[in-house]
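Residue numbering for the sequence shown follows this note's numbering, starting at 1 and increasing by one per position.
Presented below is the structure to which this report refers.
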Amino acid sequence: MKAAFVALALMWPASAYASSPDKFGEICVGTETISSEKQPEKMVPYSMTFSIDLASGHYCYAACKAWQTHKISDATSNPIKLADVRGAPTERLLTFDRRTGKLTDHQVVTLFGKVEGFTTATCQAAPFHAPD
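Have a look at this one:
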């Protein structure tokens, strides 16, 4: 009996946010490197909470309100391409690897000069929030 309790206790953190294979939430923490033509490069802390619904083809940030919800660019790719925008003034490639828990976000904005950001973050399971 004691062994069963210990085994259950050890499994609890891993299953605390159990989700279906096509609906899951993540919380990610890492760093973002920002560079521009007019400022020296700097590194800043980065954190993001998001939910993915592969069946509906959408992902969302934070509380998943309508303005925080976006269509997944390619749900079948590995890593998943959440955003793949190519065209002035904004380019962005946001990917999430479910196997490693790694999030990468590369953005380039060329509106009034070039500003570039590159993010790497490690993610852990979080509660799923359905997109609005």
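Ideal Cβ placement from N, Cα and C applies to all residues, glycine included.
Check	Outcome
Residues that residue 114 bridges to, as DSSP identifies them	110
Residue 90 versus residue 108 - alpha carbon distance	6 Å
Inter-residue Cα distance where the pair is residue 53 and residue 74	12 Å
Between the CA atoms of residue 35 and residue 46 - distance to the nearest angstrom	15 Å
Length of the line joining the Cα atoms of residue 28 and residue 110	27 Å
Close Cβ partners of residue 57 (< 7 Å) along its chain, the five nearest in sequence each way excluded	71, 72 and 75
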